[in-house]
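Visitor:
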Amino acid sequence: MPLLDTVVGSLDVHASLTALTSLTADASSTADPAGLLPARQQMALSLGWHIILACFGVAFPTIILAMHWRGVYREDADAMRLARRWSKVSAVLFAIGAVSGTVLSFEMGLLWPGLMGTFGDVLGLPFAFEGLAFFLEAIFIGLYLYGWDRMKPKVHLLMLVPMAITGVVGTFCVLAVNAWMNEPTGFDIVDGEVTNIQPWAAFFNDRVWLQFGHMWVATFMVAGFCIAAVYAVGMLKGRRDRHHRLGFIVPFVFASVAAISQPVVGHFLGAELAEIQPSKLAAMELATTSESPSPMTLGGYVNSDGEKVGAIEIPYLGSIIAMESLSEPVPSLDEFAEEDLPPVNLTHWSFQIMIGLGMLLMGLALIFWFARWRKWDLLDADRATSRWFLRIMAFSGIAAIAAMETGWITTEVGRQPWIVYGVMRTPEAAGDNSGLWWLYWITVVVYTLMTIGAIVVLRSMAKRWRRGDESLPSPYGPELETGSATDAAQEPAR
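Take 1 as the starting number for the sequence shown in UniProt numbering and just add one per residue.
1. Report yes or no: do the segment 314-326 and the segment 286-300 share at least 3 C-beta pairs separated by less than 8 Å?
2. Going along the chain, which unbroken runs of the beta strand (DSSP E) with 3 or more residues stay wholly within the segment 276-363?
3. Are three or more beta carbon pairs between the segment 203-220 and the segment 334-354 nearer than 8 Å?
4. Hey, is the segment 79-95 in contact with the segment 396-411, meaning 3+ C-beta pairs nearer than 8 Å?
5. With DSSP collapsed to three states, give me the class of Met181.
6. Report the option in Gly300, Met450, Lys308 and Ile51 whose CA atom is closest to the CA atom of Trp409.
7. May I ask you to report which of helix, strand or coil DSSP gives Ile112?
8. To the nearest angstrom, report how far apart Leu136 and Glu339 are at their CA atoms.
9. Assign Lys154 to buried or exposed, taking buried as 16 or more other Cβ atoms, counted over all protein chains shown, within 10 Å of its Cβ.
10. Which class does Ile197 belong to by DSSP, given the choice of helix, strand or coil?
11. In whole angstroms, give me the CA-to-CA distance for Trp437 and Ala44.
12. Is it true that the CB of Phe204 sits closer than 8 Å to the CB of Ala228?
13. In whole angstroms, give me the CA-to-CA distance for Ala399 and Gly192.
14. Enumerate in chain order the residues of its own chain whose CB-to-CB distance from Leu357 is below 7 Å, with the five nearest sequence positions on each side excluded.
15. DSSP three-state call for Asp380: helix, strand or coil?
16. Would you report the Cα separation of Leu53 and Ala201, rounded to the nearest angstrom?
17. Measuring straight from C-alpha to C-alpha, what distance separates Phe245 and Ala98?
18. Express the C-alpha separation of Arg425 and Thr171 in angstroms, rounding to a whole number.
19. DSSP on Val423, reduced to helix/strand/coil?
20. With a threshold of 16 other CB atoms inside 10 Å of the CB of Pro113, please say whether the residue is buried or exposed.
21. Within 8 Å, do at least three Cβ pairs link the segment 125-145 to the segment 161-171?
22. Say whether the segment 219-234 touches the segment 249-264, bearing in mind that this needs 3 or more beta-carbon pairs closer than 8 Å, one atom from each stretch.
23. Among residues of its own chain, excluding the 5 on either side of Ala25, which ones have a beta-carbon nearer than 6 Å to its beta-carbon?
24. If you follow the alpha helix (DSSP H) that Gln211 is part of, which residue opens it and which one closes it?
25. Roughly how many whole angstroms lie between the Cα atoms of Ala394 and Pro33?
26. Looking only at its own chain, which residues have a Cβ that is under 7 Å from the Cβ of Ala258, when we skip the five neighbours before and after it?
27. Is it true that the CB of Ala311 sits closer than 8 Å to the CB of Leu298?
28. Looking only at C-alpha atoms, which of Arg74, Leu93 and Ala77 sits nearest to Ala59?
29. Starting from Asp188, trace the beta strand (DSSP E) in both directions and tell me its first and last residue.
30. Are Leu361 and Phe368 close, meaning C-beta to C-beta below 8 Å?
31. How close, in whole Å, do the beta carbons of Pro61 and Leu160 come, if the pair is a contact with beta carbons under 8 Å?
32. With distance defined between alpha-carbon atoms, name the residue in Ile314, Arg391, Gly318 and Pro427 nearest to Ala271.
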């Protein structure tokens with residue numbers, strides 16, 4: 001699926017996630033172009049919606065690969081059945097993602113002409129590779145879907161490898177653009193003109209590796225917890241067979257590893273903020289004044305007088321976590337001009353929600369594996385403790401999505417008022433076309449219809465599978481007739 005690919009590809013003006021609350025601290029000025037607010041709203045909607053599909057495009061092929069491998073090499077009939085079903089689900093998500101990704105491909109230049117007109121030559125290389133990765137991914141997902149019962153089992157299994165690799169490559173390309181927007185490099189500005197362009201330096205900028213790692217891990221949290229949540233609901237409804245337990249365990253393994261490792265990756269990524277984006281760090285930590293050592297601030301907000309209200313402060317932890325020091329102060333909001341600050345309260349709360357949900361998901365993973373080590377079966381829906389665990393797990397997918405979305409809000413809103421940090425302000429990148437509001441409302445209608453369509457199709461598939469109908473039509477290619485010669489090649493692995 002074009003995942004973060006086609007998707008976000010063109011869009012890393014993820015700066016739009018900013019608009020997720022119609023928030024625009026720097027967008028309130030009467031001097032702002034007419035196209036600024038609709039462009040923000042449009043990008044927030046497009047990116048916030050598509051990035052969920054992007055996560056499945058990155059992580060789902062690897063999860064299916066693990067399940068399919070189990071089916072082939074362990075001759076596990078339940079695993080093979082799950083891999084087959086999941087392949088059809090991935091096809092539906094890929095098709096929808098292709099639509100939303102195509103929309104995003106046109107939005108970059110339409111919504112942000114100032115950005116692309118000025119820096120198009122700098123950003124062209126990662127966008128080109130991202131497009132290539134998407135097309136290769138589409139080719140191999142087609143081969144994988146069409147290959148059921150037509151290829152030898154082990155050859156068919158290998159089709160998932162390039163699917164997984166191209167998804168990762170496409171995501172890296174997209175994150176390279178966003179990382180560049182947070183720490184621009186690879187060009188000089190002489191007399192107002194962009195010169196001495198170094199595309200490879202811009203592509204492999206210093207921030208891309210950690211930012212990519214953070215997002216890559218997040219994709220497995222979203223996909224893993226969402227899939228596990230589906231089977232948790234099934235077990236709560238009495239479907240307690242091995243099929244459902246296996247459908248829960250395999251994606252939950254990926255989600256667990258991601259949830260436990262994500263705080264480590266996020267810490268290393270955040271440790272650079274004091275140097276490259278101190279105003280963002282000040283907003284995240286709600287540090288209104290310089291304190292040595294700085295406390296960690298939980299909750300609270302900054303009022304119209306610039307005062308911190310309703311916050312809980314834990315001494316020392318701000319310096320220890322944010323600055324990796326016992327005494328070094330966190331950058332404070334009063335060190336920056338008001339026009340250079342991001343929307344403080346939104347940045348702070350989105351960061352806190354991301355951290356809170358991330359810790360909750362990590363806790364779920366640790367509880368499950370600790371219980372498993374102690375021989376306690378938390379998937380036994382007959383036990384009260386297990387039912388509570390499954391009820392919480394039923395909402396884990398939503399929590400993972402919310403954690404990812406608030407993480408992106410923190411990143412993009414916290415970069416404001418810059419679309420290219422320290423170089424170009426967001427209003428400078430927007431056009432003066434107020435007619436963009438029509439595009440926004442059309443997109444709202446289209447995405448609403450696609451959401452409803454996806455839910456209807458996936459629910460219909462699930463109902464037919466529960467009735468025992470395994471041979472649902474594939475979105476690509478005709479179905480193989482029952483009893484064909486190649487059907488026998490897969491039989492031992494079923």
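Note that beta-carbon positions come from the ideal geometry of N, C-alpha and C, so glycine has one too. All figures in this text were calculated on a predicted structure; none of them were measured in a lab.
Guide: Reading from the atomic positions:
1. yes
2. 296-302 and 308-314
3. no
4. no
5. helix
6. The residue you asked about is not Trp; residue 409 is Ile in the sequence shown. Comparing Cα-Cα distances from Ile409 to each of Gly300, Met450, Lys308 and Ile51, the minimum goes to Ile51.
7. The amino acid occupying residue 112 in the given sequence is Trp; Ile does not appear at that position. Trp112: coil per DSSP, three-state reduction.
8. 44 Å
9. exposed
10. coil
11. In this model, Trp437 and Ala44 are separated by some 13 Å (Cα to Cα).
12. No, the pair does not count as a contact, with Cβ atoms beyond the cut-off.
13. Spanning the two alpha carbons is a distance of roughly 45 Å.
14. Ala399, Ala402 and Ala403
15. In the structure shown, Asp380 sits in coil (DSSP, three-state: anything other than H, G, I, E or B).
16. Cα atoms of Leu53 and Ala201: separation of roughly 29 Å, rounded to the nearest angstrom.
17. This sequence places Arg at residue 245; Phe is not what is there. Looking at the two C-alpha atoms, the distance is approximately 31 Å.
18. 25 Å
19. Here Val423 sits in coil by DSSP.
20. buried
21. Using a Cβ-Cβ distance cut-off of 8 Å, the segment 161-171 and the segment 125-145 are in contact, since at least three pairs of beta carbons, one from each stretch, lie closer than that value.
22. yes
23. Residue confidence for Ala25 is low, a pLDDT of 37 falling below 50, so the modelled location carries little weight; the figure read from the coordinates is stated next. Apart from the 5 residues on each side of it in sequence, Ala25 sits with its Cβ closer than 6 Å to the Cβ of Pro343 in its chain, given in chain order.
24. Val208 to Leu236
25. Their backbone Cα atoms lie some 44 Å apart in a straight line.
26. So the qualifying residues of the chain are Val217, Phe220, Met221 and Gly224.
27. yes
28. Restricting attention to Arg74, Leu93 and Ala77, the CA atom closest to the CA of Ala59 is found in Leu93.
29. Asp188 to Val190
30. no
31. 5 Å
32. Gly318
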